[in-house]
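Protein chains: 2
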Amino acid sequence: MIALIYLVCKQQEVGGIRKVTMQDVAEKAGVSKSTVSQYLNERFEYMGQATKEKIKAAIEELGYQPNVLARSLKQKKTLTIGIIVANILHHFSTQITRAIEDYCHSHQYHVIICNADDQPEKEKQYIDMLRAKQVDGIILLPTGKNIALYRELEKQGYPLLFIDRAVEEINVHTIVLNNRDAAMHAVEYFYGKGHERIAMMTTPVHVSVRAERVRGYQEAVRLHQLPQMNEYLSTAPLENTEQALLQMMALSHPPTALLVGNDLVLIEILKTVRKHDIRIPDQLSLITFDETQFAELYDPPLTTIAQPAYAMGKKAAELLLKQINQQLDDEDQRSFVFQAEFLERESVKKLI
Amino acid sequence: MIALIYLVCKQQEVGGIRKVTMQDVAEKAGVSKSTVSQYLNERFEYMGQATKEKIKAAIEELGYQPNVLARSLKQKKTLTIGIIVANILHHFSTQITRAIEDYCHSHQYHVIICNADDQPEKEKQYIDMLRAKQVDGIILLPTGKNIALYRELEKQGYPLLFIDRAVEEINVHTIVLNNRDAAMHAVEYFYGKGHERIAMMTTPVHVSVRAERVRGYQEAVRLHQLPQMNEYLSTAPLENTEQALLQMMALSHPPTALLVGNDLVLIEILKTVRKHDIRIPDQLSLITFDETQFAELYDPPLTTIAQPAYAMGKKAAELLLKQINQQLDDEDQRSFVFQAEFLERESVKKLI
DNA sequence: GTGAAAGCGCTAACAA
DNA sequence: TTGTTAGCGCTTTCAC
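What follows is the structure, given as C-alpha cells:
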C-alpha cells in the first residue's frame, strides 16, 4: 500500500518540476546510488564498462542533473568564491571583476559578485551572506569600515583577500596600486611642463586609496615648493564637483593644472568644463586616474594614470585560490603593489 | 571512549576553521536543535521568553552563522537567481545587471552573474551550472543558439525570462526594446535633416536585436526611397570596423549619415574617425544606439538612442520573482516591449 | 512550549 | 567491482 502511494506521488510531478535524483538514475541503471556517485566523480578505477554505459544511458534518458548543493554540503566546499566591490560604477571594478571571473572560470570556480555601494552596512550584509552560502573565499574591495569583522575573518583563517585598498593592521593578502607614487609622478609631470599652481580633486578621502593619492599630491607639491593652498585641494562629494571646480577657477590665482582622483569625478568635471566653457588644456591642464575608453577619444585626448586592473584582478584570483587550496608558496608575499601606467596625451599644456 | 574522541575532535579545530553548527548552539542554550531552528525562522508563537534569550545569547557567544546550503537543500529553494549576459562589455548589460541586483537585494534574493561572452557553448555551461546550483530561476540575454535547451527549460516550467533578445518559438516571458522602430526613427530623423545617403554599421547580425535594427534601417530607407546600397550596410566583426568604415568613406558617393548599432562599434568608429580625420558631423552625421556617459561629453555631443536599461532590468527581476513565487497576474503579458528614448544632440548636421 | 526523528541529495568509508 | 551505511546541517511534523 505504501509502495503504491509512493509510486503515485512520483508520477504526478508535484509543482510541474520533479527533479530527477541520483536514486532515480541508480534504479533505472539497476545499480546503487554510490556507484552512480562514483561514476559522476570519475572514479572509474574498478568500474565495469557495462556499468558505466548503463549509468550513462540512464542519466541521459532521465536528463539527470546533479545537485551541487547536496554535494557541497557533504564536501564542505562549494567551488565558489565571492567578490564584493565597493562601487560597481567605477570602471576599475568592472575590469577587476572580469579578470577574476575569467581566472575562476578556467579553474572551475564560480563567482558571486556583490556591490556594496560604498556602504559599510551593505558590505557587512554581503560578507555574512557569502559566508552563509559557504563560499570558499572572498575577494574584497573593502570600504575599510568593518574592522571588527575583517579581524574576525582574519582570526578564523577565512580565505580573504583585499584588493584596491589596504586596511591597516589587518593582516591578509592585499593587492594595491602604488597610488602615492603615481600621484607624485603626475604632479612632477605637470611641474616639468612648467605648471606651478597645481590642484587636485577627488571624492571624500575616507578610503586609503584616495588618501594616498592626496598624500602623494601633497608631498610632491611640497617637494617642489609649489604654492600649497587649501583651495587647490577639493575632496567634495561627487554631486558638488561642479561647484567645487567653479570655485577653484574663480580664485584670484586659479590653478593651471588639475589632477583628477578617479573616473567618476572626471565625468563630473568634464560636464562642468563643457557647461562653463573652460578650455582644456589652454586654461586648465588635466591628468586623471583611471583609464577609460573615452580618454583617448576626448578632445583633447586625456593623459591618464592607468591601473593594470585586469592584471590585479587576475593576481587576486590566483592568490585566493591558492590560499583556499593551501598551496601558498613562500614566494607569495602578503602584499602586492602594482605600478600604474602613465599614458601621456594632449590634455597637458606646456607652459615653458 | 567514543564520546571522548568526539570531544577531542571538536577541540582541535580541523584546518583552522571549525564551523559552529546549530547543534552547538542548542547544546550551549540547553535546548534542542529544533527549538533553535524555530527561533531562527521566527516561529515564536509558543516560545518562552527565557528560551528565546538563552538561544540569542548562545548564538552571539558562539558567533553562529546558519548554513544556507543545508537549508536550501531541505527547502528546495535557494532564494537565488542567475543572470547570464551575452556580453558583459556592453554598458547596457551592466545596467541591466545592476537593476536586477537592486531589485533582488530589496527582496532578499541573491544574484549570480555570468558572462557568456557571446558564446553559445559558454551559455549552455552556465545554464547547466546554475541549475546544478539549484537557483530558483534564470534571466537570460540569450545568444539565441541553444534552442533545444531553451525549449527543455520551457517544457519543464523552469522559471526563465529572456531580456534584450527574443527567441522565436520559445514561449517564455520576454523583455525587449522596440529596436525596429527605433532604427526607423533614426533614419527618419536623418532624412528630416536632409540626409539621403544613410549608412548603418553594426556587428554581425546573428542575434535578433541587431537583425531588427538592421531591418528597421532597411525598411525606413526603402520607405523614403533613399539609395539602398549594400555598401551602406556593414555588419563587419568588431575588429574590422576601421577597415569597413574607411571602405565606406572611400565610395564615390560616401554616406553623409551613419547609424551605429551599439556602443562597442561606436568606440571603434570614433577611434577611426579620430585617426583618419573624418569630421563629425560635417563630413559624417552620427546617431548611435546605447547611451554612454561620454555621448554628451564627446565633441560634438552624440545623438543617441537610449535604452531604458534600468527599467527593463527591474521589470525582468520583478516578473521572474513573481513567476518563481507563482504570483503572476493575468495582466502580466508574456512579452514586454520597451520604447527607446531618442536623445537629440549635435552629431547630426542639418543639410537642408 | 519543546524535542525526537525522519529526511533533503549527495559522498565516502568500508564491507561484501 | 559494487552495495551498505552513516552522515553533511538544517527543517518540519508530530508526539510529549
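In order, the protein sequences belong to chains L and U. In this text, residue positions in the first sequence follow the UniProt record's numbering: the first is 1, and each later residue adds one. In this text, residue positions in the second sequence follow the UniProt record's numbering: the first is 1, and each later residue adds one. Glycine is no exception: its CB is placed at the ideal position from the N, C-alpha and C atoms.
| Query | Result |
| --- | --- |
| Rounded to the nearest angstrom, what separates V135 of chain U and Q95 of chain U at their Cα positions? | 22 Å |
| Taking Cβ positions only, does K314 of chain L come closer than 8 Å to chain U? | no |
| Any beta carbon of chain L sitting closer than 8 Å to that of F44 of chain U? | no |
| Taking the alpha helix (DSSP H) that T241 of chain U falls in, what are its first and last residues? | 241-249 |
| I'd like the list of long-range same chain contacts for A244 of chain U, defined as Cβ closer than 7 Å, with 5 residues on each side in sequence excluded. | M201, S234, A236 |
| Closest by CA to N178 of chain L, which one among L:H91, L:K350, L:F336, L:I100? | L:F336 |
| Taking Cβ positions, are L319 of chain U and H173 of chain U nearer each other than 8 Å? | yes |
| On the three-pair Cβ rule with 8 Å, is the region 139-158 of chain U touching the region 82-102 of chain U? | yes |
| Just to make sure I have the definition right: I need the residues of chain L whose C-beta is within less than 7 Å of the C-beta of D299 of chain U. Which are they? | D299 |
| Measure the beta-carbon distance from S347 of chain L to P301 of chain L and round it to whole angstroms, keeping in mind my assumption that it falls under 8 Å. | 7 Å |
| If you scan the region 108-166 of chain U from start to end, which runs of the alpha helix (DSSP H) of 4 or more residues do you find wholly inside it? | 120-132, 147-156 |
| Please report whether the beta-carbon of E188 of chain U lies at a distance below 8 Å from any beta-carbon of chain L. | no |
| Going by DSSP in three states, A295 of chain U sits in which element: helix, strand or coil? | coil |
| Since A306 of chain L contacts E341 of chain L with CB under 8 Å, what's their CB separation in whole angstroms? | 4 Å |
| For S72 of chain U, return the contacting residues in chain L, with the cut-off set at a CB-CB distance below 8 Å. | L69 |
| Output the distance between the C-alpha atoms of V14 of chain U and K77 of chain L, rounded to the nearest integer angstrom. | Bear in mind that the predicted position of V14 of chain U carries a pLDDT of just 36, short of 50, making it too unreliable to give a figure here. |
| Just checking: is the beta-carbon of L270 of chain L within a distance shorter than 8 Å of some beta-carbon in chain U? | yes |
| Determine contact between the region 81-91 of chain U and the region 105-124 of chain U, defined as no fewer than three beta-carbon pairs at a distance below 8 Å. | yes |
| So what does DSSP say about V337 of chain U, is it helix, strand or coil? | strand |
| So, are the CB atoms of A257 of chain U and G216 of chain U less than 8 Å apart? | no |
| Tell me the DSSP secondary structure of L284 of chain L in three-state form. | coil |
| Assuming G261 of chain L contacts R197 of chain L under a Cβ cut-off of 8 Å, what Cβ separation, rounded to an integer in Å, is found between them? | Contact doesn't hold; Cβ gap of about 18 Å is too wide. |
| Classify residue 354 of chain L as helix, strand or coil using the three-state DSSP reduction. | Residue 354 of chain L lies beyond the stretch modelled for chain L, which goes from 1 to 352, so this question has no answer here. |
| Can you tell me which residues form a DSSP beta bridge with A58 of chain L? | In the DSSP output, where bridge partners are listed per residue, A58 of chain L has none listed. |
| Could you check which residue in L:E152, L:L343, L:N325 has the C-alpha nearest to that of L286 of chain L? | L:L343 |
| Check distances from the C-beta atoms of the region 255-284 of chain L to those of chain U and list, in chain order, the residues that come in under 8 Å. | I267, L270, K271, R274 |
| Between which two residues does the beta strand (DSSP E) carrying M201 of chain L extend? | 198-201 |
| So if I threshold CB-CB distances at 7 Å, which residues from the region 90-103 of chain L count as touching chain U? | T94, R98, E101 |
| Would you call the CB atoms of L270 of chain U and L297 of chain L closer than 8 Å? | yes |
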